[in-house]
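First the structure, in the form of structure tokens, and then the observations on it.
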Amino acid sequence: MLVELTMHRAAPTRPTANSPIDGIRILALLPDEWRKDLRQANGGIVIRVDTEDDTTSDQIRATVAEVLKDPAISHWELSACQTLTKGSPPGDPS
């Protein structure tokens, strides 16, 4: 399953300067077997995930929701989990 995860701050009053660090923290907490690619977008975090198996988008959402409970990144929330087709260029939902 190939998806693009988009996250934004749950508390927009906090500064966005640490979003690259938060993105790296989120990557580190996602399952090791997932291929992941981090991008920043308008103060948010976009991560492309390829599970390379039959994992569903609902299972990916549930995993990300658990990851975002970590106190170091709990100020982020998942705003989109978009399924992509293999070979989709970044930012191109197919």
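For what it's worth, the working numbering labels the leading residue of the sequence shown as 812, then goes sequentially.
Virtual Cβ for every residue (Gly too), placed ideally from N, Cα, C.
Remember, it's a predicted structure, so these values are computed and weren't measured experimentally.
Looking only at its own chain, which residues have a Cβ that is under 6 Å from the Cβ of residue 891, when we skip the five neighbours before and after it?
Beyond the five residues adjoining it in sequence on each side, residue 891 comes within less than 6 Å, by CB distance, of 817 in the same chain, given in chain order.
Please say whether residue 833 and residue 884 have beta carbons closer to each other than 8 Å?
It is a contact, given that the beta carbons lie within the stated cut-off.
Assuming residue 895 contacts residue 888 (C-beta within less than 8 Å), just tell me the rounded distance between them.
Actually they do not touch by this definition, with Cβ atoms about 21 Å apart.
Relative to the alpha-carbon of residue 863, which residue among 819, 869, 847 and 835 has its alpha-carbon at the smallest distance?
Here the closest residue by C-alpha is 847.
Based on Cα-Cα distance, which residue from 872, 852, 854 and 853 lies nearest to residue 860?
Its Cα nearest to that of residue 860, the residue 872 stands out among 872, 852, 854 and 853.
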